[in-house]
Structures are given as structure tokens and as C-alpha cells.
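Trainee:
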Amino acid sequence: MLQIQSIGLMSRTALEEIIKTIKPADKQAIIKAKARQASLAKPPGSLGGLEDMAVRIAGMTGKVKNRISKGCVVVFCADNGVVQEGVASAPQSVTRAQTINFTRRLTGVGALARSYGSELLIVDVGVKDQIPENLYTEEPLKDTHKIVNRRLRPEGQTGNIAEGPAMSRVEVIRAMETGIEMACAVNREGFSIIGIGEMGIGNTTTSAAIISAISGKPSDDTVGRGGGVNDEGFARKKEIVDSVSAGFRETGGILNRPEAERMDLMIEALSRMGGFDICAMTGAYLGAAACRMPAVIDGYISAAAAMTAYVIAPAAADYMIASHKSFEKGYMLAMDALGLQPFLSLDMRLGEGSGCPIAFSIIRGACDIMTNMGTFEEAEINDDYLEEIRNEEKYQR
Numbered sequence: 007m008l009q010i011q012s013i014g015l016m017s018r019t020a021l022e023e024i025i026k027t028i029k030p031a032d033k034q035a036i037i038k039a040k041a042r043q044a045s046l047a048k049p050p051g052s053l054g055g056l057e058d059m060a061v062r063i064a065g066m067t068g069k070v071k072n073r074i075s076k077g078c079v080v081v082f083c084a085d086n087g088v089v090q091e092g093v094a095s096a097p098q099s100v101t102r103a104q105t106i107n108f109t110r111r112l113t114g115v116g117a118l119a120r121s122y123g124s125e126l127l128i129v130d131v132g133v134k135d136q137i138p139e140n141l142y143t144e145e146p147l148k149d150t151h152k153i154v155n156r157r158l159r160p161e162g163q164t165g166n167i168a169e170g171p172a173m174s175r176v177e178v179i180r181a182m183e184t185g186i187e188m189a190c191a192v193n194r195e196g197f198s199i200i201g202i203g204e205m206g207i208g209n210t211t212t213s214a215a216i217i218s219a220i221s222g223k224p225s226d227d228t229v230g231r232g233g234g235v236n237d238e239g240f241a242r243k244k245e246i247v248d249s250v251s252a253g254f255r256e257t258g259g260i261l262n263r264p265e266a267e268r269m270d271l272m273i274e275a276l277s278r279m280g281g282f283d284i285c286a287m288t289g290a291y292l293g294a295a296a297c298r299m300p301a302v303i304d305g306y307i308s309a310a311a312a313m314t315a316y317v318i319a320p321a322a323a324d325y326m327i328a329s330h331k332s333f334e335k336g337y338m339l340a341m342d343a344l345g346l347q348p349f350l351s352l353d354m355r356l357g358e359g360s361g362c363p364i365a366f367s368i369i370r371g372a373c374d375i376m377t378n379m380g381t382f383e384e385a386e387i388n389d390d391y392l393e394e395i396r397n398e399e400k401y402q403r
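Just so we're aligned: the sequence shown equals residues 7 to 403 in the numbering used here.
1) For a test of the three-state rule: what should DSSP assign to residue 258, helix, strand or coil?
2) Do you know offhand how far residue 13's Cα is from residue 101's?
3) Distance, Cα to Cα, residue 112 vs residue 81?
4) Name the one or two DSSP bridge partners that residue 155 has.
5) Can you tell me whether residue 365 is buried or exposed, with buried defined as 16 or more other CB within 10 angstroms of its CB?
6) Ends of the beta strand (DSSP E) at residue 79?
7) For residue 338, which of helix, strand or coil comes out of DSSP?
8) Nearest to residue 295 by CA position, among 327, 276, 265, 277, is which residue?
9) To the nearest angstrom, report how far apart residue 387 and residue 73 are at their CA atoms.
10) Fully enclosed by the segment 200-274, which alpha helix (DSSP H) runs are 4 residues long or longer?
11) Helix, strand or coil: how does DSSP classify residue 57 here?
12) Can you give the Cα-Cα distance for residue 262 and residue 344, rounded to whole angstroms?
13) Do the segment 243-255 and the segment 358-378 meet, that is, are 3 or more Cβ pairs less than 8 Å apart?
14) Determine the direct distance from the alpha carbon of residue 312 to that of residue 376, and round the result to whole angstroms.
15) What whole-angstrom Cβ distance do residue 162 and residue 85 have, given they're in contact under 8 Å?
16) Within its chain, find whatever has a CB closer than 6 Å to the CB of residue 62; leave out the 5 residues flanking it on each side and keep chain order.
17) Taking C-beta to C-beta, are residue 315 and residue 291 nearer than 8 Å?
18) At the level of alpha carbons, what is the spacing between residue 99 and residue 137?
19) Go through its chain and collect everything with a Cβ distance to residue 7's Cβ below 8 Å, but skip five positions before and after it.
20) Over what stretch of residues does the beta strand (DSSP E) that includes residue 302 continue unbroken?
21) Counting along the chain, where does the alpha helix (DSSP H) carrying residue 284 start and finish?
22) Taking DSSP as the reference, what is the three-state secondary structure of residue 96?
23) Excluding the 5 residues preceding and the 5 following residue 322 in the sequence, name in chain order all residues of the same chain whose CB lies nearer than 7 Å to its CB.
24) Span of the beta strand (DSSP E) holding residue 321?
25) Would you call the CB atoms of residue 363 and residue 118 closer than 8 Å?
26) Express the C-alpha separation of residue 274 and residue 103 in angstroms, rounding to a whole number.
27) So who's on the other strand from residue 326, going by DSSP bridges?
28) Looking at C-alpha atoms only, which residue of 46, 30, 92 is the closest neighbour of residue 65?
29) Can at least three beta-carbon pairs, one atom from the segment 118-127 and one from the segment 230-247, be found at a separation below 8 Å?
30) CB-CB under 7 Å to residue 76, same chain, minus the five flanking residues each way: which ones, in chain order?
31) Taking the DSSP output, what are the residues bridged to residue 46?
32) Which residue marks the beginning of the alpha helix (DSSP H) containing residue 120, and which one marks its end?
33) Are the CB atoms of residue 360 and residue 283 within a distance shorter than 8 Å?
34) Counting C-beta neighbours from all protein chains within 10 Å, is the total for residue 55 16 or more, i.e. buried, or is it exposed?
35) Please list, in chain order, all residues of the same chain as residue 258 whose beta carbon is under 7 Å from its beta carbon, the five residues on each side excluded.
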């Protein structure tokens, strides 16, 4: 188990050492899990995506039978200087208000976490407006109704990407460090699954810029209206995304560059156009993969961070699960790059990690089927009648 409590100021070399611990999914566990699925008392493939899910979880953990206990959604909160350009419909004060409301479970993800029996871990990595000191804690998960203080700048927010870099390269790595730390804390406290969420006005702009830089696609393919920006703001949003991602798109995107170059290019892109939230979320995906812990992707910002983690450590995608298909344009670009398919279609576009508690319950069910359902032998059923269809492609998963 990867043990990281507080790394201090992580270097690029230390980040590379953590990345080296990320191994691909366990192929032998996958083979054994598929064999068990085939032996369960049901027609082949009849539980559809639930069968695929349980097999994928087996590859992540290295165990055929898994129990998904209470899950934890980590919500990284940060503001973005680009809101000065009129690209968001909500005022920046909403970031602070909702960060505080997470502690009271009054937000969308808070209500869903209560409903589905999940936990929240709230982290301030760069909220602009000051949060009351009495709401802060330094220790993750000691009190989940407080906010873990990991602010990267006294002023909170990143720079305005329309005018210059969002942050320094050192800050990129420090934010990733925070994400790794939180994932390791979740794992250490006995949670078996993590969800990756966020809060930050303006972060659909930074996410679209990152996805454009990685994929090489222009703003027409990556920019949506976020929380409901007006026509003028939408046009400005696209203009900014095209401008800041241009240098990366000219070479076909970061994913089109040699693998040896991608990490440095990704850190450069995050420094130029990212957000503290996206960088921390990227670290959380890397930390979860290093701990062999399933990590659930929420919406668009969460997908942008997942795509970023994949660029840095391709094997990390083996530990990612896409929850719902985001309404936001560009989401499926990230999913296609990751080779993932969301299993919920609810036209959600809230963010916060709101899709994660719902996904946890479905993943738990998939694993319980693998663990608790009887085989043909245990159920005393002669399965000879299925021999004719077992090898037909349309019944295979």
C-alpha cells in the first residue's frame, strides 16, 4: 500500500517515482473473474455491463471477489482567474459558499452522499474568498464536516489564463501532491472506492482548454456553456480556449507527441491553462491507481483531470470508472481517449462529484453479484442447455 501522508514540496523526480508504482490491471485476476462470471447461474452476458464492471474491479484489486464498502468523494475546491473575462454565469462568491455548504451536506453531492451512504472529503486548494478558520482542519478525514486546508496561494485563485500562466510548474506539482495525499488518506482509512469531484467557478473553461491541448481539437469540439453562460461569454470562452491551447494543438495535441515528452508537456499545459482543482484531481487519480483503488470519474472537469492523469501515467486509466455521460460538450473526447464508457445517462452537468455516490451503489451491486451469486453447480442446475449459445459472439462480453 502506498503510504503518503504529507510529502512536503514534491519534486518532479518524486512524482515520477510514484508514477512508477502504478501497474496495469492484473490480467490473471481478469481471466479468473471472467471464468467465474461464466459459471454463475444465468444466461451468458445477461447482466450486461454489471458483469464487465465486476471483471474490471477484479483487475484493479487483483481479487476475483470484492466488496465495495462505503465510498468517499473527494471534492477539490478552487477559483480561477479567468472568470474576469466573463466566461461564467455565476459569481466567484459561489465557490466559497458551496465549499462551506459541502460541510453541511446542503449541495447536490452532499444530498446524494447522504442518500447513498457515502462520505465526503472537502479540500480547499485555492478558494479566493477567505473561509472561516474554524471550518478548517489539517488532517484528512479526521472530521469530514470540515475543510482540509491545502491552499496553494494566499490569494487563493490562479492567474487569468487570458493574460498569462495560471500557475508555476512548482504549483502544478504541489497541487498534484495534494491529490495524491488525499487519495492515499482515503485508502488508508479503509474506503474501497474513491470519487473525484470539484467546485470552482470558471473551471469548465480551464477544462476545455486542457482537453483541447491534449486532444488537438479546437474549441468547437470542447467548449460548452457550463453553468449557462450567455452568448457573449460563450464566444469569449471559445476565443480564450483556442488562444491558450494553440501551441499544443499545432502538433496534433499532447497525445500525438512521443510518450517520453508527454509528462513535461502536460505539466507545461497545466501551468499555462489549468486550475488548482484540475491539478489536484489529476494527483488523486494517480494516487488511487498507485493504491490499486477504483476511482470514479464524475463530469466534465473530473474527466479533464482523468485525461490528464492518463497522459502522465497511461496505466492509471485501468483504475478509472466513468459514471455518467456529462451533458457538457467534449466529455466524450476524454472518454474515447481513456477507452471508457459511462454507464449512466442522466443529462447531468452539476459537477461536485455528484455522479459518484450513484455510481458507487451500482458498482457495489456488480461486485456483490460476482461474490454472492450462486454458480450452476451451487444452484444444482444442469447448464448443458446453454452450450449451443456460449460460444456465439452475440452473447459474449
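Glycine residues also receive a C-beta, built at the ideal position from the N, C-alpha and C atoms.
Mentor: In short:
1) coil
2) With a pLDDT of only 46 at residue 13, under 50, the local geometry of the prediction cannot be trusted, and the value read off the model is given with reservation. One C-alpha to the other measures close to 27 Å.
3) C-alpha separation (whole angstroms): 14 Å.
4) 130
5) buried
6) Counting along the chain, the beta strand (DSSP E) containing residue 79 begins and ends at 78-84.
7) helix
8) Its Cα nearest to that of residue 295, the residue 327 stands out among 327, 276, 265, 277.
9) 26 Å
10) 209-221, 225-228, 237-255
11) Helix at residue 57.
12) 14 Å
13) At 8 Å Cβ cutoff, the stretches do not touch.
14) Approximately 27 Å between the Cα atoms of the pair.
15) 6 Å
16) Closer than 6 Å at Cβ, skipping near neighbours: no residue.
17) A Cβ-Cβ contact shorter than 8 Å links residue 315 with residue 291.
18) 11 Å
19) Unreliable placement is indicated for residue 7, whose pLDDT of 47 sits below 50; no coordinate value is reported for it.
20) 301-303
21) Membership of residue 284 in the alpha helix (DSSP H) is indicated by the continuous run 282-296.
22) coil
23) 28, 291, 292, 295, 315, 316
24) Run containing residue 321: none; DSSP gives neither H nor E here.
25) yes
26) 31 Å
27) 301
28) 30
29) no
30) 123, 124, 125, 197
31) 381
32) 114-122
33) Between residue 283 and residue 360, the C-beta spacing is not below 8 Å.
34) With fewer than 16 Cβ atoms within 10 Å of its Cβ, residue 55 is classed as exposed.
35) 222
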